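So the sequence lines, in the order shown, correspond to chains V and H.
Counting in my numbering, the first sequence runs from 0 upward without gaps.
Counting in my numbering, the second sequence runs from 0 upward without gaps.
Read the structure below first, then the notes.
There are 2 protein chains.
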Amino acid sequence: MKNPKVVILGGGFAGIECAKAFKNKPVDVLLIDRQNHHLFQPLLYQVASAGLAAPEIAHPIRSIFFNQDNVETLMDEVTAFDLAGKKVVTREREIPYDYLVISMGVKTGYFGHHEWEQHARGLKTLDDATSIRRDILLAFEKAEACTGPEERRRLMTIAVIGGGPTGVELAGTFAELARHVLQRDFKNINTNEAKIYLIEGQDRLLTMYDPTLSDYTRKTLESMGVTVKLRNQVADLRAGEVVLKNETIKAANILWAAGVEAPAISRTLGVETDRAGRLLVETDLSLPGHPEVFVAGDLAHCVDQSGRLVPGLSPAAIQMGRHAAKVILEEINGTRSKDYDVRPQFRYFDKGSMATIGRSHAVAESMGMKFDGIIAWLMWLFIHLFFLVGFRNRLAVLVQWFYAYVRYRRGARIITGLHFPEK
Amino acid sequence: MKNPKVVILGGGFAGIECAKAFKNKPVDVLLIDRQNHHLFQPLLYQVASAGLAAPEIAHPIRSIFFNQDNVETLMDEVTAFDLAGKKVVTREREIPYDYLVISMGVKTGYFGHHEWEQHARGLKTLDDATSIRRDILLAFEKAEACTGPEERRRLMTIAVIGGGPTGVELAGTFAELARHVLQRDFKNINTNEAKIYLIEGQDRLLTMYDPTLSDYTRKTLESMGVTVKLRNQVADLRAGEVVLKNETIKAANILWAAGVEAPAISRTLGVETDRAGRLLVETDLSLPGHPEVFVAGDLAHCVDQSGRLVPGLSPAAIQMGRHAAKVILEEINGTRSKDYDVRPQFRYFDKGSMATIGRSHAVAESMGMKFDGIIAWLMWLFIHLFFLVGFRNRLAVLVQWFYAYVRYRRGARIITGLHFPEK
Chain V
0 MKNPKVVILG
10 GGFAGIECAK
20 AFKNKPVDVL
30 LIDRQNHHLF
40 QPLLYQVASA
50 GLAAPEIAHP
60 IRSIFFNQDN
70 VETLMDEVTA
80 FDLAGKKVVT
90 REREIPYDYL
100 VISMGVKTGY
110 FGHHEWEQHA
120 RGLKTLDDAT
130 SIRRDILLAF
140 EKAEACTGPE
150 ERRRLMTIAV
160 IGGGPTGVEL
170 AGTFAELARH
180 VLQRDFKNIN
190 TNEAKIYLIE
200 GQDRLLTMYD
210 PTLSDYTRKT
220 LESMGVTVKL
230 RNQVADLRAG
240 EVVLKNETIK
250 AANILWAAGV
260 EAPAISRTLG
270 VETDRAGRLL
280 VETDLSLPGH
290 PEVFVAGDLA
300 HCVDQSGRLV
310 PGLSPAAIQM
320 GRHAAKVILE
330 EINGTRSKDY
340 DVRPQFRYFD
350 KGSMATIGRS
360 HAVAESMGMK
370 FDGIIAWLMW
380 LFIHLFFLVG
390 FRNRLAVLVQ
400 WFYAYVRYRR
410 GARIITGLHF
420 PEK
Chain H
0 MKNPKVVILG
10 GGFAGIECAK
20 AFKNKPVDVL
30 LIDRQNHHLF
40 QPLLYQVASA
50 GLAAPEIAHP
60 IRSIFFNQDN
70 VETLMDEVTA
80 FDLAGKKVVT
90 REREIPYDYL
100 VISMGVKTGY
110 FGHHEWEQHA
120 RGLKTLDDAT
130 SIRRDILLAF
140 EKAEACTGPE
150 ERRRLMTIAV
160 IGGGPTGVEL
170 AGTFAELARH
180 VLQRDFKNIN
190 TNEAKIYLIE
200 GQDRLLTMYD
210 PTLSDYTRKT
220 LESMGVTVKL
230 RNQVADLRAG
240 EVVLKNETIK
250 AANILWAAGV
260 EAPAISRTLG
270 VETDRAGRLL
280 VETDLSLPGH
290 PEVFVAGDLA
300 HCVDQSGRLV
310 PGLSPAAIQM
320 GRHAAKVILE
330 EINGTRSKDY
340 DVRPQFRYFD
350 KGSMATIGRS
360 HAVAESMGMK
370 FDGIIAWLMW
380 LFIHLFFLVG
390 FRNRLAVLVQ
400 WFYAYVRYRR
410 GARIITGLHF
420 PEK
């Protein structure tokens with residue numbers, strides 16, 4: 000008898016953990032991703048700010064499963080779902096499944112203002128990160144050679160939109176990059192004059208954290224030279240300009256960390272979504288009306304046992320991926336019926352969350368406790384190193400971080416992908 | 000009195016060493032490069048074959064001179080020379096000079112067959128290297144999902160054209176990549192069936208070395224599974240096809256390591272060039288008729304004291320850069336006249352040369368001695384680590400190599416810069 004076939008869409012945290020949970024089980028797994036690598040997204044901002052090289056936070060998906068015989072990997076992209084026929088259609092073929100796990104994640108979202116995308120880059124992929132790195136380093140190169148003070152100021156201005164963890168991390172790391180790392184490289188410009196704006200619509204940063212931590216974060220960023228603008232919705236974005244209610248900020252680089260949305264294809268599934276397009280799932284993570292289809296990770300709009308929306312964090316994605324695998328395995332083993340009501344509900348175990356602000360500053364909340372300063376930063380460092388996939392990366396990243404910490408340097412401030420037209 | 004202004008074009012080995020030689024001297028140096036980084040070209044093939052990440056072999060030019068006050072760095076590109084007016088014209092401005100050092104290097108050359116460029120990538124820049132890495136990893140991904148045996152064979156075939164050091168290094172490293180590193184990642188294809196061709200027009204590889212080393216190199220490559228084709232001129236290149244005299248090789252990836260040529264702009268200088276466009280310089284490295292202009296590095300066609308053409312190797316570039324600086328400084332100090340005849344002749348000190356074939360295999364020649372096998376490989380490893388710019392890179396590279404050596408893995412096999420059209 001053939002093993003049931005589980006198709007997993009997306010090699011992020013949810014997809015990888017789901018596939019791993021089938022190890023040594025009578026299941027054939029096919030993991031499909033558009034990229035050949037699993038990305039350690041929590042450190043993506045470090046690539047953008049020249050702290051780490053791209054391969055240091057990415058790992059080939061194939062090699063994660065090289066010793067798990069029942070997982071095949073396919074680099075391809077899903078173009079359509081055929082839920083009735085239990086098939087997914089990719090660019091190259093049709094793939095039948097017995098169980099489907101949709102863990103494609105989300106992309107940068109602009110609140111419906113798709114025209115803003117060209118003016119403000121999001122940070123979701125390695126290519127986003129290396130493009131941001133290139134554009135920002137390039138702006139400083141231009142500033143160094145620039146003679147007009149106004150244009151120079153514009154080139155040295157970075158506006159980060161969105162005061163969540165990604166925005167805070169980006170603003171903090173770019174402040175450090177400008178004030179410490181680049182400072183000694185440049186001779187004509189004073190990189191201390193670089194302006195970093197962090198723009199947030201609500202009245203505090205990191206709204207999901209305790210207000211005291213929000214306050215600590217703002218003060219720390221300000222002491223690092225970041226201009227924090229709270230209660231400022233973005234009214235419009237134009238090339239090199241952020242329009243707020245009362246002012247317009249001219250910035251050569253505008254980064255968008257204010258929202259995410261589901262990929263367009265997920266809307267073709269015919270199920271209810273939230274405003275960002277995330278799929279409203281049953282309590283067992285299955286798609287309404289399709290007990291053989293599961294949604295795991297950021298793409299799932301899932302309310303947990305306590306009635307709270309499960310956050311879009313890697314620990315939640317990992318737990319969801321494992322839960323989907325568990326439900327599928329129980330059903331294959333015949334230990335549960337297909338009846339929804341008796342399937343185990345997904346229970347989110349909230350280990351806490353953390354955001355780093357800069358060198359030796361971070362905030363963390365866990366089990367009702369709050370942490371800030373160097374303690375939180377060491378927790379952050381330890382946990383992120385621990386979870387980085389693969390020995391090599393862990394060691395190389397540690398070397399880089401140690402070096403960056405001691406010498407205030409960034410090894411990866413290399414501009415690639417820039418093509419002057421041929422002479 | 001203002002210091003004399005030295006403009007250096009190109010931040011390769013020649014340009015960097017030339018600028019360094021002006022440390023603490025009464026000279027203002029402006030170093031112009033199209034890129035923001037100095038590239039350790041001898042290890043570029045390691046980025047192409049996923050052994051190293053791009054930033055590990057590159058170093059921001061600015062940071063090389065952060066403690067040398069008289070060097071300014073400009074990321075720009077020269078678009079015209081005005082030798083009579085002692086100016087260079089860049090995309091952005093006109094820059095006057097008292098002394099000019101042209102150290103722009105060479106680019107991949109196709110023996111006049113410019114139409115071949117689209118079918119066979121050369122290896123001269125970081126972007127070349129990451130593109131080669133992407134294309135080759137992608138071909139294996141496609142092969143894994145491919146059902147037709149012929150197409151699968153084509154996808155798993157790499158043809159390297161040119162049996163010099165770069166060609167040998169590429170063929171060797173891709174043979175290892177396919178047979179050891181990728182072997183365990185893929186489940187449908189047997190990467191041992193990957194075909195690596197090394198195609199050379201002459202009757203032996205590494206023609207500049209002793210024939211016994213050429214022979215050792217060929218045998219080593221063959222034992223690694225490389226098909227070495229000697230006495231085979233490329234008759235034509237088409238998309239995915241290398242046409243030789245008696246056969247046509249179908250290869251998804253074709254790499255060109257068979258020649259270099261001068262950038263087009265160097266032909267506008269109005270001096271005699273060799274067939275590859277390299278500038279024929281005086282014995283002091285100055286441009287004929289322009290004692291204030293020097294050519295250093297690969298772009299110089301220079302005959303040394305013993306009547307031999309100075310090879311296009313990094314030690315020669317380094318020595319030329321220093322020589323140009325020495326002549327300029329002697330003139331500024333008034334210790335020599337501008338008269339050509341009394342200027343010191345460039346003397347090439349040939350330390351020897353080496354090429355690596357694969358894990359623990361290399362060949363080297365130095366001071367009339369020949370080395371091969373693991374001895375040559377350890378020499379190669381030591382020398383390349385020693386010369387890598389910057390502590391961080393050296394340590395990170397050592398970690399990577401050690402890990403790759405012990406575990407037969409490549410950490411950087413990440414596909415970036417690939418964009419499926421938006422769904």
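Note that CB positions come from ideal geometry on N, CA and C, so glycine has one too.
Note that the structure is a prediction, hence the values are computed from the model and not measured.
Whole-angstrom distance between residue j and residue i, CA atom to CA atom
i, j, result
"H:Q182", "V:I63", "13 Å"
"H:I195", "H:K141", "17 Å"
"V:K422", "V:R151", "Here the model assigns V:K422 a pLDDT of 30, short of 50, so the residue's position is not dependable, and the following value carries that caveat. Whole-angstrom Cα-Cα distance: 27 Å."
"H:I131", "H:R120", "7 Å"
"V:H418", "H:M74", "With a pLDDT of 47 at V:H418, under the threshold of 50, the modelled position of this residue cannot be trusted; read the value that follows with caution. Their Cα atoms are separated by approximately 12 Å."
"V:Y347", "V:Q304", "7 Å"
"H:I188", "H:E143", "6 Å"
"H:G171", "V:V292", "46 Å"
"H:G84", "V:T146", "23 Å"
"H:R237", "V:W379", "52 Å"
"H:Q232", "H:G320", "35 Å"
"V:H322", "V:S102", "13 Å"
"V:R277", "V:L205", "21 Å"
"H:V341", "H:A256", "40 Å"
"V:R61", "V:E71", "8 Å"
"H:G108", "H:L268", "19 Å"
"H:G10", "H:D126", "17 Å"
"H:A295", "V:H36", "42 Å"
"H:D371", "H:L212", "7 Å"
"V:P420", "H:T124", "With a pLDDT of 37 at V:P420, under the threshold of 50, the modelled position of that residue is not reliable, and the figure given next carries that caveat. Looking at the two C-alpha atoms, the distance is approximately 15 Å."
"V:A57", "H:I356", "28 Å"
Outcome for residue i when other beta-carbon atoms lying within 10 angstroms are tallied against a minimum of 16
i, result
"V:K1", "exposed"
"V:E149", "exposed"
"H:F381", "exposed"
"H:M368", "exposed"
"H:Q117", "exposed"
"V:G306", "exposed"
"V:D235", "exposed"
"V:E76", "buried"
"H:I135", "buried"
Test item: CB-CB of residue i and residue j under 7 Å
i, j, result
"H:A158", "H:I31", "no"
"H:A250", "H:T156", "yes"
"H:L122", "H:A138", "no"
"H:V225", "H:A174", "yes"
"H:P164", "H:A316", "no"
"V:R178", "V:D202", "no"
Residues sharing a beta bridge with residue i, DSSP
i, result
"H:K85", "None, per the DSSP bridge assignment."
"H:G357", "H:H360"
"V:D32", "V:M74"
"V:K106", "V:E260"
"H:F370", "H:A363"
"H:P314", "The partner list for H:P314 (beta bridge, DSSP) is empty, contrary to what the question assumes."
"H:D235", "H:V242"
"V:A79", "V:V88"
"V:R120", "V:L254"
"V:L308", "V:V302"
"H:D27", "H:K4"
"V:Y98", "V:V5"
"V:A57", "V:L38"
"H:F293", "H:V100, H:S285"
May I ask you to list, following chain order, the residues of the segment 50-64 of chain V that have a beta carbon less than 7 Å from some beta carbon of chain H?
Of all residues in the segment 50-64 of chain V, A52, A53, P54, E55, A57, P59, R61, S62 have a Cβ within less than 7 Å of some Cβ in chain H.
Below 7 Å between beta carbons is the criterion; list the residues of the segment 162-187 of chain V that meet it against any residue of chain H, in chain order.
R183, D184, F185, K186
Interface positions of the segment 300-312 of chain V facing chain H (Cβ-Cβ less than 7 Å), listed along the chain:
none
Cβ-based contacts, 8 Å cut-off: residues of the segment 142-156 of chain H near chain V:
E143, A144: these are the residues of the segment 142-156 of chain H whose beta carbon lies less than 8 Å from some beta carbon of chain V, given in chain order.
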